[in-house]
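Asks: Below is one structure. I have some questions about it.
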Amino acid sequence: MINILVGSNWGDEGKGKMTDYFAKNADIVVRFQGGNNAGHTIINKYGKFALHLLPSGIFYENVVNILGPGVAFNLSAFIEELDYIKSNINFTPKILISDRAQVLMPYHVLLDVYEEERLGKKQFGSTKSGIAPFYSEKYQKTGIQVSDLYDDKILSEKIDTSIEIKNILFANLYKKPTIDKNEFIPELIENFKKIKPYICNTTKFLNDSIKSGKNIILEGQLGALRDPDNGIYPFSTSSSTLAGFSTVGAGIPIKKINTITTVVKSYSSCVGAGPFVTELFGEEGNELRKRGGDNGEYGAKTGRPRRVGWLDLVATKYGCLLQGATEIALTLIDVLSYLEKIPVCCEYKIDEELTKDFPVTNKLYNAKPVYKYLKGWKCDISNIREYNDLPKEAKTYIEFIEKFIDIDIKWISNGPKRENIIMK
Ligand code: GDP
Numbered sequence: 052m053i054n055i056l057v058g059s060n061w062g063d064e065g066k067g068k069m070t071d072y073f074a075k076n077a078d079i080v081v082r083f084q085g086g087n088n089a090g091h092t093i094i095n096k097y098g099k100f101a102l103h104l105l106p107s108g109i110f111y112e113n114v115v116n117i118l119g120p121g122v123a124f125n126l127s128a129f130i131e132e133l134d135y136i137k138s139n140i141n142f143t144p145k146i147l148i149s150d151r152a153q154v155l156m157p158y159h160v161l162l163d164v165y166e167e168e169r170l171g172k173k174q175f176g177s178t179k180s181g182i183a184p185f186y187s188e189k190y191q192k193t194g195i196q197v198s199d200l201y202d203d204k205i206l207s208e209k210i211d212t213s214i215e216i217k218n219i220l221f222a223n224l225y226k227k228p229t230i231d232k233n234e235f236i237p238e239l240i241e242n243f244k245k246i247k248p249y250i251c252n253t254t255k256f257l258n259d260s261i262k263s264g265k266n267i268i269l270e271g272q273l274g275a276l277r278d279p280d281n282g283i284y285p286f287s288t289s290s291s292t293l294a295g296f297s298t299v300g301a302g303i304p305i306k307k308i309n310t311i312t313t314v315v316k317s318y319s320s321c322v323g324a325g326p327f328v329t330e331l332f333g334e335e336g337n338e339l340r341k342r343g344g345d346n347g348e349y350g351a352k353t354g355r356p357r358r359v360g361w362l363d364l365v366a367t368k369y370g371c372l373l374q375g376a377t378e379i380a381l382t383l384i385d386v387l388s389y390l391e392k393i394p395v396c397c398e399y400k401i402d403e404e405l406t407k408d409f410p411v412t413n414k415l416y417n418a419k420p421v422y423k424y425l426k427g428w429k430c431d432i433s434n435i436r437e438y439n440d441l442p443k444e445a446k447t448y449i450e451f452i453e454k455f456i457d458i459d460i461k462w463i464s465n466g467p468k469r470e471n472i473i474m475k
C-alpha cells in the first residue's frame, strides 16, 4: 500500500503533522524532493520539532525513513538535525540515504545567498539553503552524487569542474571571495564517514518492500503551487512538489500508487514573494497570523512572519487537480473558531472578467478575490473527535469546501497535536 502525502497550495498546510499521524501505521516514509529548506512541524510526546531534511516518520522506532534519489542532500544539515532528534528520543531511528541522491555543497548555499543579494528588491525570499543552485547544477549535469563520495579522485575532479564556474561568478558577478576546494573537502569527507552506514540502494530496498506488501508514505515538501512547471513560477521551488513526481524522486513505479492524500489548509498562508490573491493586510491579517498555526504563523524554517489570507478555493481546487488528490486532509480548522463569518474565495475577477480557473502568474497580480461568506461557529472545536459532534456551521464550512473541490475530505485536523484529528 503506497500513499502519497502532498500539499495543495504554497506549503505549510500541516503535512508534517499529517505524515506523523499516518506514520503510526507505516513501515516506510520517503522524502522524494527538496532539501533542508522544508519546515515540517510535528508536536508529539517528545516535544515540538521542525523537521527540515528528515522524513516525518522519524519519531516511530519501527519506521524506515528514506531520503530518495530526488532529494537535495546536505550532509552537515542532516547530521546536525539527526543529532538533535536523537537527543530527544529514546531509540535509534532507522534511516536510509539513496546512493543516487545528490549532495548539496557549501558553494550552493553561497550562490543562493549572493544571488538573493544581487536581486535586491526583486529577490524571491529564498530560505538561502542552496536549493535553486543545487537543482540548476543537477540539471546542468555537474552535480555530485552520494556514490561519488566513495572515490576521492572522482569527487575531487567533479568538484574542480563545478567550482570553476562558481569562482568566475563569485569574483566577477558577485564581487565575493573565490572558494578553494581544500577549504571544504576535509569536512565533507569527515561527514561522509558519519553518514556512510545509512547509504544504500534505496530503490532496490523500496521495490523489494513494495513486493512484500509494506505500507509506504511518500512525503512531499511545499505545495502544488510551488511546482516549477505548473505553479506560480518563478515564485516556485526548484524541484517538483507534485505527487506525479514522487515516484521519480523515490525510484518506484507509478502503477504501484494507491492513494494521494492532499493536505488543504482551512485558510491560506504563504512564505516568500509572489502573487497571493486572498492576502490580508492590517489588523485582519495580524489577527489571523497571531491565531494561526500552533503558535502564530511564522516560518518553521526561517521564523519569518507568514503572509496570511482567507481560503482560496480557486487556487486550492487547481492544486488538488495537479496533485491528483484521491482524498483530502483539511487542517487548521480550529484556527477559524474566532470568526463571526468566514470569507471563502470562490472566483477571481481579472480585468472585469470572472473566472474559476487559476491563471498564469502575471494574471494573478490583477486578480481580485470574489468571496462567499459562511457563518462561523464561534466556539472551541479542538477537543472534538467525532465528525457529528462538530457544530453545524463547521460541518457546513467543511462540506462547502468538499463540494467545491469535488474530492472527499476524509480527515479533519483540529489542532496541532497528534490526537487532534477527526475521521469523516
Ligand atoms: P508543513 O510544512 O506542511 O508540515 O506545515 P508547517 O509545519 O510549516 O506549518 C503548519 C503549522 O500548523 C505548524 O505550526 C503546525 O504545528 C500547525 N498545525 C498543523 N495542523 C494543525 C491544526 O489542525 N491546527 C492548528 N491550530 N495547528 C496545526
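Numbered per the working numbering, the sequence shown spans residues 52 to 475. We put the beta carbon where it would ideally sit given N, CA and C, even for glycine.
1) Evaluate Cys371 with the Cβ neighbour count: other Cβ atoms within 10 Å of its Cβ, from every protein chain shown; 16 or more gives buried, anything less gives exposed.
2) Let me know if Lys454 comes out buried or exposed under the rule of 16 or more other beta-carbons within 10 Å of its beta-carbon.
3) Taking the C-alpha atoms as reference points, what is the distance between Val115 and Val80?
4) Taking the CB atoms as reference points, tell me whether Val122 and Gln174 lie closer together than 8 Å.
5) Are Asn218 and Ile210 touching if we call contact CB-CB under 8 Å?
6) To the nearest angstrom, how far is the alpha carbon of Gln153 from that of Asn139?
7) State the CB to CB distance for the pair Glu270 and Thr70, rounded to an integer number of angstroms; the pair is presumed to be in contact (CB under 8 Å).
8) For a quick check, are the C-beta atoms of Asp363 and Ser319 less than 8 Å apart?
9) Between the region 288-308 and the region 384-399, are three or more C-beta pairs nearer than 8 Å?
10) For the beta strand (DSSP E) containing Cys479, name the first residue and the last one.
11) What residue range is occupied by the uninterrupted alpha helix (DSSP H) comprising Phe296?
12) With a 10 Å radius around its C-beta and 16 neighbouring C-beta atoms as the bar for buried, classify Ala380 as buried or exposed.
13) Using a threshold of 7 Å, is the CB atom of Glu64 nearer than that to any non-hydrogen atom of the ligand GDP?
14) List the endpoints of the continuous beta strand (DSSP E) containing Phe100.
15) Would you call the region 154-165 and the region 303-311 touching, i.e. three or more CB-CB distances under 8 Å?
16) Within the chosen definition, does the region 161-168 reach the region 179-192 through at least 3 CB pairs nearer than 8 Å?
17) Have a look at Ile146 and Thr412 and give me their C-alpha separation to the nearest angstrom.
18) With distances taken from CA atoms, which of His91, Gly86, Leu239 is nearest Gly62?
19) Could you give the DSSP three-state label for Arg82: helix, strand or coil?
20) Do you know offhand how far Ala67's Cα is from Ser107's?
Replies: From the atom records:
1) If you number the sequence shown from 1, residue 371 lands on position 320. Around the beta carbon of Cys371, 16 or more other beta carbons sit within 10 angstroms, so the residue counts as buried.
2) In the sequence shown, the residue the question calls residue 454 occupies position 403. Exposed, since its Cβ has fewer than 16 Cβ neighbours within 10 Å.
3) The residue given as residue 115 occupies position 64 in the sequence shown. The residue given as residue 80 occupies position 29 in the sequence shown. Across the structure, Val115 and Val80 are spaced so that their CA atoms are roughly 6 Å apart.
4) By one-based count along the sequence shown, residue 122 stands at place 71. By one-based count along the sequence shown, residue 174 stands at place 123. With contacts defined as CB atoms closer than 8 Å, Val122 and Gln174 fail to qualify as a contacting pair.
5) The residue given as residue 218 occupies position 167 in the sequence shown. The residue given as residue 210 occupies position 159 in the sequence shown. No, Cβ-Cβ distance for Asn218 and Ile210 is not below 8 Å.
6) For the purposes of this step, residue 153 is taken as the residue at position 102 of the sequence shown. For the purposes of this step, residue 139 is taken as the residue at position 88 of the sequence shown. Straight-line spacing of the CA atoms in Gln153 and Asn139 works out to 28 Å.
7) The residue you call residue 270 lines up with position 219 of the sequence shown. The residue you call residue 70 lines up with position 19 of the sequence shown. Right, their Cβ atoms sit about 5 Å apart.
8) Reading the sequence shown from its first residue, position 312 is the one you call residue 363. Reading the sequence shown from its first residue, position 268 is the one you call residue 319. Yes, they are a contact pair.
9) Touching, no, given that fewer than three Cβ pairs across the two stretches are closer than 8 Å.
10) Because the chain is modelled from 52 through 475, residue 479 falls outside the range shown and cannot be assessed.
11) What you label residue 296 is simply residue 245 of the sequence shown in a count that begins at 1. Boundaries of the alpha helix (DSSP H) around Phe296: 294-301.
12) Position 329 of the sequence shown, counting from 1, holds the residue named residue 380. Residue environment analysis places Ala380 among the buried positions, since at least 16 neighbouring C-beta atoms fall within 10 angstroms of its C-beta.
13) Against the sequence shown, residue 64 aligns to sequence position 13. True, at least one ligand heavy atom lies under 7 Å from that Cβ.
14) Position 49 of the sequence shown, counted from the first residue, corresponds to residue 100. Its beta strand (DSSP E) spans residues 98-102.
15) Counting Cβ pairs under 8 Å, fewer than three are found: no touch.
16) Flag = yes, the region 161-168 and the region 179-192 touch.
17) Here residue 146 refers to the residue found at position 95 of the sequence shown. Here residue 412 refers to the residue found at position 361 of the sequence shown. Rounded to whole angstroms, Ile146 to Thr412 spans 39 Å at the Cα level.
18) In the sequence shown, residue 62 corresponds to position 11, counting from 1. Here the closest residue by C-alpha is His91.
19) For this step, residue 82 is matched to residue 31 along the sequence shown. Three-state DSSP puts Arg82 in a strand.
20) Mapped onto the sequence shown, residue 67 falls at position 16. Mapped onto the sequence shown, residue 107 falls at position 56. Checking the displayed sequence, the identity of residue 67 turns out to be Gly instead of Ala. Rounded to the nearest angstrom, the two C-alpha atoms are 6 Å apart.
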